[in-house]
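Per our numbering, the sequence shown starts with residue 1, numbered consecutively.
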Amino acid sequence: MISATIAQLQAAGFEGLNIGAIAALAGVHESSIYRRWKSKEGLMMEAVFELFAEHIAIPDRGSLHADLVALLSATARYLRTGVGRSAIQFVLATYNDAAVTGELRRLWTNRFSAVQQIFDRAAKMGEWSQGADPMPLLHCLIGAVYLRTLILHERVTTDQIRDLTLWILRERGS
Numbered sequence: 001m002i003s004a005t006i007a008q009l010q011a012a013g014f015e016g017l018n019i020g021a022i023a024a025l026a027g028v029h030e031s032s033i034y035r036r037w038k039s040k041e042g043l044m045m046e047a048v049f050e051l052f053a054e055h056i057a058i059p060d061r062g063s064l065h066a067d068l069v070a071l072l073s074a075t076a077r078y079l080r081t082g083v084g085r086s087a088i089q090f091v092l093a094t095y096n097d098a099a100v101t102g103e104l105r106r107l108w109t110n111r112f113s114a115v116q117q118i119f120d121r122a123a124k125m126g127e128w129s130q131g132a133d134p135m136p137l138l139h140c141l142i143g144a145v146y147l148r149t150l151i152l153h154e155r156v157t158t159d160q161i162r163d164l165t166l167w168i169l170r171e172r173g174s
């Protein structure tokens, strides 16, 4: 059903997402979808994070800097796609929905847990302090990409990401 949701999302965007069409694509009855996901939003969230994992892989490029540049460059590319924009529209459209917000937090927590392996490898190589919290660094870097891409409508280049990441790591002393 996730692949049918992604196909429907690519074809119709977030506003055109329809449970009936998803069920037809998946070859199931609508009630099967509602048994697993209580709402269209719940199904959409899972599909969005499936796409994140597909388009924004956790890199292993041999250094903390290279891994962060690869992660952020993939994020910037994803945000420029139609599906990436639909994902952001979904998040904004459901901003005041407490159930959706809770589920988004859970999914983001899982995603950030997956990213932790970048910092675990960096700690083994002496590039990151063992046990140091990477979240402030990730918030700064990811926030910069989101701001420039979504708010300022700028195309963020890999060179810009490379420079920002290097600057922040140097300032942090990593």
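Cβ atoms here follow ideal geometry from the backbone N, Cα and C, with glycine treated the same way.
Find the nearest neighbour of S76 within the set I56, V91 and L92, judged by alpha-carbon distance. Correcting the residue identity first, residue 76 is Ala in this sequence and not Ser. Ranked by Cα distance from A76, the first of I56, V91 and L92 is I56.
In three-state terms, what does DSSP make of S39? Assigned with DSSP and collapsed to three states, S39 falls in coil, not helix or strand.
Hey, I2 and A47: beta-carbon distance below 7 Å or not? Contact flag set, yes.
Jot down the residue ranges of each uninterrupted beta strand (DSSP E) in the stretch 106-135, minimum 3 residues, whole runs only, in chain order. Taken in chain order, the complete beta strand (DSSP E) segments of 3 or more residues contained in the stretch 106-135 number zero; there are none.
With the cut-off set at 7 Å, would you say F119 and P134 are in Cβ contact? Yes, they are a contact pair.
Given a cut-off of 7 Å, decide if L9 and V83 are closer than it, judged by their beta-carbon atoms. Yes, the pair counts as a contact, with Cβ atoms nearer than the cut-off.
Top-ranked residue by Cα proximity to T165, from N96, S86, L72 and Y34: Closest by alpha carbon: L72.
Roughly how many angstroms lie between the CA atoms of R35 and W108, to the nearest whole one? Taken atom to atom, the span from the alpha-carbon of R35 to that of W108 is near 23 Å.
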